[in-house]
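Participant: Encoded as structure tokens, here's the structure I'll be asking about.
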Amino acid sequence: PAAVIVGIDGPSGTGKSSTSKAVAAKLGLRYLDTGAQYRAITWWMLSNGIDVNDAMAVAAAAGKPEIVSGTDPSAPAITVDGLDASAPIRTQEVTAAVSAVSAVPEVRTRLTELQRAIAAAAPAGIVVEGRDIGTTVLPDADVKIFLTASPEARAARRNGELKGKEAGDLAATQAALVKRDAADSGRKTSPLAKAADAVEVDTTELTLEQVIECVVTLVEEKR
Ligand code: C5P
Numbered sequence: 013p014a015a016v017i018v019g020i021d022g023p024s025g026t027g028k029s030s031t032s033k034a035v036a037a038k039l040g041l042r043y044l045d046t047g048a049q050y051r052a053i054t055w056w057m058l059s060n061g062i063d064v065n066d067a068m069a070v071a072a073a074a075g076k077p078e079i080v081s082g083t084d085p086s087a088p089a090i091t092v093d094g095l096d097a098s099a100p101i102r103t104q105e106v107t108a109a110v111s112a113v114s115a116v117p118e119v120r121t122r123l124t125e126l127q128r129a130i131a132a133a134a135p136a137g138i139v140v141e142g143r144d145i146g147t148t149v150l151p152d153a154d155v156k157i158f159l160t161a162s163p164e165a166r167a168a169r170r171n172g173e174l175k176g177k178e179a180g181d182l183a184a185t186q187a188a189l190v191k192r193d194a195a196d197s198g199r200k201t202s203p204l205a206k207a208a209d210a211v212e213v214d215t216t217e218l219t220l221e222q223v224i225e226c227v228v229t230l231v232e233e234k235r
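As structure tokens, this is what we get:
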């Protein structure tokens, strides 16, 4: 059978990553976390003293870090200039800075090209998760999913993920999440948006298993 391309978009805390990895593993597909790439470039900017709010400086440096994404759904690795970036890209410092960096067109152009090349190289197909996969990166994807959930559900899930270490109170998590989504939805270049032909799945009242099952069924219908 031909390779199947699945794009999964939506705001943070909707279960995108857990769903995408599980669907890829179940169907024998590769997996790409594009958010990890935006985080990786942001981590590099912060580590190299670049002011993330200076769009000109970010644009000038956009091509500098070498970013390599692993596509194994059971062990999605990411390196920046050969260094394992899996842990440092998840800090609150990176999370707070990533929307500014990802709004810079030069950053988006570079990562979009990288994402298309990775998708084209996946032999059986791939599940790609992000914010603009269905609208911009892979407009011809075979299956497009847009995951949503109430802000309360998303904040509760995000706090659960942070597990004590960095988890603050729920209200603060929710405020940070809503702020990041507003920035991602409001930017000029390929904002967070549902593609016209995407299937919207509201995960507020669903378990992770139910969401996975729903997406697997949609992909199998297209295969
Ligand atoms: O998915 P995750 O929360 O790790 O994404 C981090 C950030 O990367 C998002 O808040 C957004 O600013 C950016 N992003 C993006 N386009 C994508 C994926 C992520 O702008 N396709």
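If you count the sequence shown from 1, you need to add 12 to reach the UniProt record's numbering. The beta carbon of each residue, even a glycine, is placed where N, CA and C say it ideally should be.
#1: Would you call the region 119 to 127 in contact with the region 85 to 94, where contact means no fewer than 3 C-beta pairs closer than 8 angstroms?
#2: Please list the terminal residues of the continuous beta strand (DSSP E) segment that includes Glu141.
#3: What are the start and end residues of each continuous alpha helix (DSSP H) run of 4 or more residues lying completely inside the region 182 to 223, in chain order?
#4: Name the DSSP beta bridge partners of Tyr43, please?
#5: Does the pairing of the region 20 to 27 with the region 67 to 84 give three or more beta-carbon distances under 8 angstroms?
#6: Between the C-alpha atoms of Asn65 and Ser111, what's the straight-line distance to the nearest angstrom?
#7: Return yes when the C-beta of Leu204 is under 8 angstroms from any heavy atom of the ligand C5P, and no when it is not.
#8: In the DSSP output, what is Asp66 paired with across the bridge?
#9: Taking 8 angstroms as the cut-off, is the beta-carbon of Val155 closer than that to any non-hydrogen atom of the ligand C5P?
#10: What are the start and end residues of the alpha helix (DSSP H) that includes Leu126?
#11: Taking a contact to mean a Cβ-Cβ separation below 9 angstroms, would you say Thr31 touches Val113 in this structure?
#12: If Ala131 and Ile17 are in contact, beta carbons under 8 angstroms, what's the gap, nearest whole angstrom?
Facilitator: On the basis of the data shown:
#1: no
#2: 137 to 142
#3: 182 to 198
#4: Val139
#5: no
#6: 10 angstroms
#7: yes
#8: Its beta-bridge partners do not exist; DSSP assigns none.
#9: no
#10: 117 to 132
#11: no
#12: 6 angstroms
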